[in-house]
Amino acid sequence: MGGPRRPPGRGPVNWWLAAACALVVGGLGPCLWGAARGTAGRRVVAQNMATLLLCLVLLLLAQGYGRPSYVDLALVIAVLGPAGTLVFTRLLGDEMGARPPGTRLLTPAVLVGAPATVVPMCIAAGPGRATIKLIFIGVLLIAGGTVTSWAVRRG
162 MGGPRRPPGR
172 GPVNWWLAAA
182 CALVVGGLGP
192 CLWGAARGTA
202 GRRVVAQNMA
212 TLLLCLVLLL
222 LAQGYGRPSY
232 VDLALVIAVL
242 GPAGTLVFTR
252 LLGDEMGARP
262 PGTRLLTPAV
272 LVGAPATVVP
282 MCIAAGPGRA
292 TIKLIFIGVL
302 LIAGGTVTSW
312 AVRRG
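So the sequence shown is numbered by the numbering used here: it starts at 162 and just counts up by one.
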């Protein structure tokens, strides 16, 4: 009757997990490299971008594995990440320079990346509390990313 059932997590990789893998390799890896090496300004920019990407990766993993607890982690990062960037910007303001490299990419990355991840997840989740939480995380990412981008540019 229908053949053997596969245990959860043993099936083929779905598109949510493929997108998370692409963000880790193509985005989070270079951000971690930039945060580990370079000037103070470049490190703050890389930390800010890594916060956004980590939040998006956790959202994609939550959908890919069907683990709603990962969404809670993304919510915590969406709140604490911009606060950390603002603290670093305040403490390292003199060392960062006038316009650290990469600051022009921060706002477009936030304004494109957050909706491109959150909107499909809202569609997949359907109406309910999960969708409201996803929209809230998206708003936090956009607001926090915009404010921190402005703060990093101003030094």
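C-beta atoms are modelled at their ideal positions from N, C-alpha and C, and glycine is treated no differently.
Predicted, not measured: the structure shown is a model, and the values here were computed from it.
Item to check | Short CB-CB distance (under 8 angstroms) between residue 297 and chain D | outcome: Note that chain D does not occur in the displayed structure, where there is just one protein chain.
Next on the checklist: Using 8 angstroms as the threshold, is the C-beta distance between residue 181 and residue 241 below it?
Outcome noted: Going by C-beta atoms, residue 181 is not nearer than 8 angstroms to residue 241.
Checklist entry - Under a Cβ-count criterion, where at least 16 other Cβ atoms within 10 Å of its own Cβ denotes burial, should residue 162 be classed as buried or exposed? => result Caution applies to residue 162, whose pLDDT of 49 falls short of 50 and renders its modelled position unreliable; the value that the coordinates give is listed next. Exposed, by the Cβ-count rule.
Checklist entry - Going straight from the alpha carbon of residue 117 to that of residue 207, what length do you get? => result The shown model of the chain, from 162 to 316, leaves out residue 117, and the question about it has no answer.
Next on the checklist: Just verifying my parser: in three-state terms, what is the DSSP assignment at residue 246?
Outcome noted: helix
Item to check | Three-way DSSP call (helix, strand, coil) for residue 175 in this model | outcome: coil
Checklist entry - In angstroms, rounded to a whole number, what distance separates the CA positions of residue 195 and residue 248? => result 18 angstroms
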